[in-house]
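Numbering (my numbering), first residue to last: 1 to 412.
Cβ coordinates follow ideal geometry from the N, Cα and C atoms, glycine included.
Treat the numbers as computed from the prediction; the structure is a model and nothing was measured.
Okay, so here's the structure we're looking at.
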Amino acid sequence: MSTLASPAPADAAPADSGFRAAVQDHAADLIALRRAVHRHPEIGLHLPRTQAAVLQALDGLPLEITTGRSLNSVVAVLRGGLPGPVVLLRGDMDALPVTELTGLEYASEVPGAMHACGHDLHVAMLAGAARLLSAVRDRLPGSVVFMFQPGEEGPGGAEPMIAEGLLEAAGEHPVAAYCLHVLSALEPFGRFSTRRGPMLAAADTLKVTVRGAGGHGSAPQFAKDPIPAACEMVTALQTFVTRGIDIFDPAVITVGTFHAGTVENVIPAQAEFGATLRSFSPATRERVRQGVLDVVHGIAAAHGLTADAEYVPGYPVTMNDGGEAEFAARTAAELFGEDRFAWTANPVAGAEDMSYVLERVPGAFVYLGACPPGLDPMTAPLNHAPEARYDDAVVPDGAVLLAELAWRRLSR
1 MSTLASPAPA DAAPADSGFR AAVQDHAADL IALRRAVHRH PEIGLHLPRT QAAVLQALDG
61 LPLEITTGRS LNSVVAVLRG GLPGPVVLLR GDMDALPVTE LTGLEYASEV PGAMHACGHD
121 LHVAMLAGAA RLLSAVRDRL PGSVVFMFQP GEEGPGGAEP MIAEGLLEAA GEHPVAAYCL
181 HVLSALEPFG RFSTRRGPML AAADTLKVTV RGAGGHGSAP QFAKDPIPAA CEMVTALQTF
241 VTRGIDIFDP AVITVGTFHA GTVENVIPAQ AEFGATLRSF SPATRERVRQ GVLDVVHGIA
301 AAHGLTADAE YVPGYPVTMN DGGEAEFAAR TAAELFGEDR FAWTANPVAG AEDMSYVLER
361 VPGAFVYLGA CPPGLDPMTA PLNHAPEARY DDAVVPDGAV LLAELAWRRL SR
């Protein structure tokens, strides 16, 4: 475990928030909220039942609430009793198109949908943070924006929320933004982790159609076979990564689909494949974008074929601000003990649309281990697996950390 840097005087902790004690009054309700959301997962941007559950959980709090026009988002603003800046806290709400196989008593009741990534816990944590911070509103020097976001798993809810005025919701642009994400594996139960700089990858897509001329399989000389060229492209893309990309600023290219032909003895007129492109810096992302197009068109031309290659940009790199990552790490360690925090050594090749917020606001994306006791975190089912399980005993601690980050950041 790395040693945390000494806090700067400006980061000295304010008067005790009392959140760790206060959350016990809400713990049962927050876990009940998590399980209710888990039973009724919704996918994508339109989550009316989840939105209603969030609004009910926030009912009675001194919040200015708006809901999305083009999506079922919730933005709640808490205006403190003292002047100060704005901090944003985010929790995503959507589920995945996965059939649940956990056997939990509160398992999904919706066929083909499951909170396999733990966003139901994020909803409960953010609602808990809203309750905790509302209770100290009179002493709060500034405002907090609570961002309840749909569509993180796709097609992306952060961008439309920003377009609808998320970052201006409190009247001033936030000075910092924070979010938590639970892990069903890889991290021990209750441990927080983060890193400075890139936390998650940019995730883009390459779609390729290689066009030739069909013919009989016995006479390839009279056809223009797209399959060998497409196969060459697949292997050349891997060579491009190893020979065209800096190993200290890496990229990952994985071809996940490949389709061609209908029968063994017919040369098809075209072959298609699709790939996911992962990178960890804007410079490498651009290098990959241009490089994959050059590879595909160059090989097509060498075979006397043509290729349609579409680069589809996805989520950008999720980039933690170095100072805010230090602040989040220090806060977690001071609240829960040094053994409850560890620096993440390497970025994760998954992607997140919290990246759009962190492009505009300095902040930190923090992981929280939620692997149930009795399971080995190194062998437990991963996030997105139909068997993925999350121990909701972490919900109160997640709510406390979110609230404390806002409290301390505003109190500087």
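Do residue j and residue i have their beta-carbon atoms positioned less than 7 Å apart in this structure?
i, j, result
"Met147", "Arg90", "yes"
"Ala203", "Tyr315", "yes"
"Ser279", "Ala251", "yes"
"Val145", "Val77", "yes"
"Gly157", "Gln149", "yes"
"Val87", "Arg409", "yes"
"Leu186", "Leu368", "no"
"Ser355", "Thr318", "yes"
"Pro174", "Val361", "yes"
"Pro386", "Leu101", "yes"
"Ala307", "Val295", "no"
"Glu324", "Ala364", "yes"
"Trp407", "Ser134", "no"
"Ala309", "Val241", "no"
"Gly291", "Gly244", "yes"
"Leu166", "Tyr390", "no"
"Arg35", "Tyr106", "yes"
Taking DSSP's pairing of strands, which residues face residue i in a bridge?
i, result
"Ser143", "Arg79 and Val86"
"Ala129", "Bridge partners of Ala129: none, in fact."
"Gln270", "Arg211"
"Ile74", "The question names Ile, but residue 74 is Val in the sequence shown. For Val74, which the question treats as bridged, DSSP gives the partners Thr67 and Phe148."
"Tyr178", "Leu89 and Ala364"
"Leu200", "Thr318 and Val348"
"Ser193", "Ala342 and Tyr367"
"Tyr311", "Leu206"
"Met114", "Leu96"
"Thr257", "Gly274"
Alpha carbon to alpha carbon, how far is residue i from residue j?
i, j, result
"Asp92", "Ala53", "13 Å"
"Asp350", "Glu286", "According to the sequence shown, residue 350 is Gly rather than Asp. Approximately 18 Å, taken between the alpha carbons."
"Pro373", "Ala28", "19 Å"
"Val357", "Phe273", "32 Å"
"Cys371", "Gly337", "19 Å"
"Ala269", "Leu277", "26 Å"
"Arg20", "Ile162", "32 Å"
"Ala170", "Pro198", "28 Å"
"Asp25", "Ser108", "27 Å"
"Ala403", "Ser143", "12 Å"
"Gly81", "Leu132", "15 Å"
"Ala393", "Gly261", "52 Å"
"Gly256", "Pro85", "45 Å"
"Asn265", "Gly212", "16 Å"
"Thr205", "Phe248", "22 Å"
"Ala113", "Val123", "17 Å"
"Asp321", "Gly398", "20 Å"
"Gly214", "Phe222", "9 Å"
"Ala176", "Pro83", "16 Å"
"Val182", "Val395", "10 Å"
"Thr3", "Arg195", "Low per-residue confidence applies at Thr3: pLDDT is 45, beneath 50, and the placement is therefore not dependable enough to give any value."
"Pro238", "Leu335", "Residue identity check: residue 238 is Gln in the sequence provided, not Pro. C-alpha separation (whole angstroms): 45 Å."
"Asp138", "Ala15", "13 Å"
"Leu140", "Ala22", "16 Å"
"Pro313", "Glu164", "21 Å"
"Leu61", "Val366", "26 Å"
"Val37", "Pro226", "48 Å"
"Trp343", "Glu359", "22 Å"
Can you find the residues in the same chain that come closer than 6 Å, C-beta to C-beta, to residue i, ignoring five residues on each side of it along the sequence?
i, result
"Pro160", "Ser70 and Leu71"
"Asn346", "none"
"Glu352", "Leu200 and Thr318"
"Ala388", "Ala116, Ser184 and Pro381"
Got a sec? Which residues, its chain only, sit under 8 Å from residue i by beta carbon, not counting five neighbours each side?
i, result
"Asp246", "Thr284"
"Pro9", "Residue confidence is low: Pro9 scores 41 on pLDDT, short of 50, so the model does not pin down where it sits. Its coordinate-derived value is still stated next. Result list for Pro9: empty, nothing under 8 Å."
"Arg420", "Beyond the ends of the chain as shown, which are 1 and 412, falls residue 420; an answer cannot be given."
"His259", "Ala271, Glu272 and Phe273"
"His384", "Leu96, Val98, Ala116 and Cys117"
"Leu63", "Ala76, Val77, Leu78, Ala130, Ser134 and Phe146"
In chain order, what residues of the same chain lie with their CB nearer than 7 Å to the CB of residue i, ignoring the 5 residues before and after it?
i, result
"Leu405", "Tyr178, Ala328 and Thr331"
"Ala127", "Leu30, Leu33, Val54, Ala57 and Leu58"
"Thr67", "Gln51, Ser73 and Val74"
"Pro220", "Ile267"
"Asp94", "Glu42, Ile43, Gly44, Leu47, His119, Pro150, Gly151, Glu152 and Glu153"
"Ala229", "Val210, Ile299, Ala300, His303 and Leu305"
"Thr254", "Ala275 and Thr276"
"Val110", "His40 and Pro41"
"Lys224", "Gly212, Ala213, Gly304 and Leu305"
"Leu293", "Ala309 and Tyr311"
Contained alpha helix (DSSP H) runs [length at least 4] in the stretch 335-387, N- to C-terminal order:
354-360, all fully within the stretch 335-387.
Every unbroken alpha helix (DSSP H) inside the stretch 215-251 [4 residues or more]: For the alpha helix (DSSP H) assignment, the uninterrupted runs of no fewer than 4 residues enclosed by the stretch 215-251 are, from N- to C-terminal side, 226-244.
Please give me, in chain order, every unbroken run of the alpha helix (DSSP H) with length at least 4 that falls completely inside the stretch 22-46. Fully enclosed alpha helix (DSSP H) runs of no fewer than 4 residues occupy 27-39 of the stretch 22-46, in order along the chain.
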